[in-house]
Amino acid sequence: MKLAWLCSHESYQPETLLEHAVLAERAGFDMVTGADHFHPWVDDASASSFVWSWFGAVAQATSRVEMATSVTAPLYRYHPGLIAQAAATLDRLSGGRFVLGVGTGEAINEAPLGYEFPGYAERIARMDEALRIIHGLLAGEKLDIDGQYYQARTAKLYSPPTGRVPVWMAAGGPKSATFAGQHAEGLITSVKEPADAVERVITPYREAAAERGADTTIMATRWVVLAESDDEAWEALAAMRGLRAPGRLEVADPMVLRERADAMDRQEILSKYTIVRDLDQLAEAYKPLVHDVGADYVAIQVASADPVRTITDVGEQVLPALRDWAV
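Letter 37 of the sequence shown, counting from 1, is numbered 37 in the UniProt record's numbering, and no numbers are missing.
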């Protein structure tokens with residue numbers, strides 16, 4: 001079992017997140033992750049840098065930690081071939097430490113650049129074609145494709161990966177989980193209730209992977225807020241309160257998400273997060289992901305008022321406890 005630290009591109013600027021990534025490696029984390037968004041979730045206390053450039057810097061500033069997009073949507077503003085090229089380049093720059101995490105996205109990624117953001121049926125159909133292209137290019141193939149959504153003409157990576165770049169797919173329900181088992185090498189899922197996640201997501205994923213004789217990798221994630229009081233928790237969530245606003249997947253303007261979030265009762269938003277008061281409670285919050293879910297990777301996603309201190313403290317006190325529970 002490996003432990004990842006999420007570098008929140010919605011909360012901090014890239015130069016600060018680079019410092020966080022280096023500190024996370026020093027603190028003992030096995031992986032650092034970052035989401036690929038064009039817009040953040042609110043407009044008044046936020047950031048939204050280009051994760052691919054940032055990962056290139058992380059690859060050079062670190063020597064041990066793995067890196068993963070959590071996640072990128074290779075469906076609209078990116079041609080899937082560009083994502084394969086980016087993943088292959090990061091594989092080379094990092095010495096084989098990169099994992100490509102993909103998902104079907106949300107409107108903040110596509111609509112600001114003029115793309116439509118359709119329903120799930122089209123997005124998963126696009127993902128089917130996209131993963132065929134990504135897998136083919138990463139495997140060294142020269143592709144001629146005339147698909148429903150994407151075309152390629154003698155497309156080939158001339159700076160190919162030095163090894164195998166695994167593709168993990170995000171899923172929150174049985175349909176996407178089954179698709180991930182059929183088409184990807186790993187699963188990324190956010191866990192609220194462990195038993196529900198196992199039944200609705202992890203089991204369908206494993207069953208679909210078993211049908212094609214594929215190995216499985218599961219990364220379980222969970223948002224936790226570390227704060228001594230509700231006022232401190234609200235401060236820590238300043239950049240993420242729009243994440244729980246109604247219609248988040250379809251809204252492109254962070255101002256709208258911020259207005260909707262601020263119109264909600266503060267306690268309602270806080271209630272949608274796991275809030276812990278100390279490091280012991282933080283460890284307990286992630287214990288089910290290790291003990292009950294049995295994840296191969298557990299992504300520590302913590303909002304706090306002092307992320308530098310949090311990374312260091314989690315490395316010293318929480319990671320050893322989680323590793324002990326995994327034995």
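Here a beta-carbon is modelled for each residue, glycine too, at the ideal position from N, C-alpha and C.
Cutoff 7 Å; reference residue i; Cβ partners in own chain excluding five residues on either side
i, result
"E232", "A305"
"E110", "Y76, R77 and F117"
"R266", "W234"
"I145", "I133, Q151 and A152"
"S48", "H9, E10, H37, F38, H39 and P40"
Cα-Cα separation, residue i to residue j
i, j, result
"W168", "E185", "6 Å"
"R97", "D44", "34 Å"
"E129", "Y12", "33 Å"
"H37", "A210", "32 Å"
"P161", "A326", "32 Å"
"L90", "V191", "28 Å"
"M264", "R200", "29 Å"
"P40", "P112", "11 Å"
"L75", "M1", "31 Å"
"Y149", "Y78", "12 Å"
"G105", "P288", "27 Å"
"G315", "L282", "12 Å"
"A236", "K272", "14 Å"
"D278", "I124", "40 Å"
Beta-carbon gap between residue i and residue j smaller than 8 Å
i, j, result
"L93", "Q60", "yes"
"A155", "G81", "yes"
"P254", "V42", "yes"
"I188", "T221", "yes"
"A170", "Y205", "no"
"I133", "A252", "no"
"residue 330", "V302", "Within the shown structure, residues of the chain are numbered from 1 to 327, placing residue 330 beyond reach of any answer."
"W223", "T274", "yes"
"L137", "L143", "yes"
"D296", "I202", "no"
"T69", "V58", "no"
"V22", "M67", "no"
"R258", "P246", "no"
Limits of the unbroken beta strand (DSSP E) element including residue i
i, result
"Y297", "Y297 to A303"
"G101", "F98 to V102"
"A236", "Looking at the DSSP string, A236 is not in any beta strand (DSSP E); the run it does join, the alpha helix (DSSP H), is D230 to A236."
"A170", "V167 to A170"
"T33", "M31 to G34"
"L3", "K2 to L6"
"A155", "Q151 to A155"
Nearest-angstrom Cβ-Cβ length linking residue i and residue j, presumed shorter than 8 Å
i, j, result
"L3", "V298", "6 Å"
"L18", "A84", "Their Cβ separation, rounded to whole angstroms, is 25 Å, which puts L18 and A84 out of contact at 8 Å."
"residue 357", "G242", "The chain is shown from 1 up to 327; residue 357 falls before or after that span and cannot be answered."
Boundaries of the alpha helix (DSSP H) in which residue i is found, first to last residue
i, result
"I188", "No alpha helix (DSSP H) contains I188, which is instead part of the beta strand (DSSP E) from G186 to S190."
Proximal residues to residue i (C-beta, below 8 Å), its chain only, five neighbours per side dropped
i, result
"L319", "L3, A27, G28 and F29"
"V293", "V191, P194, A197, V198, I202, I218 and A220"
Sequence-distant residues of the same chain with beta carbon closer than 6 Å to residue i, five excluded per side
i, result
"A238", "A45"
"C7", "L17, H20, A21, V32 and G34"
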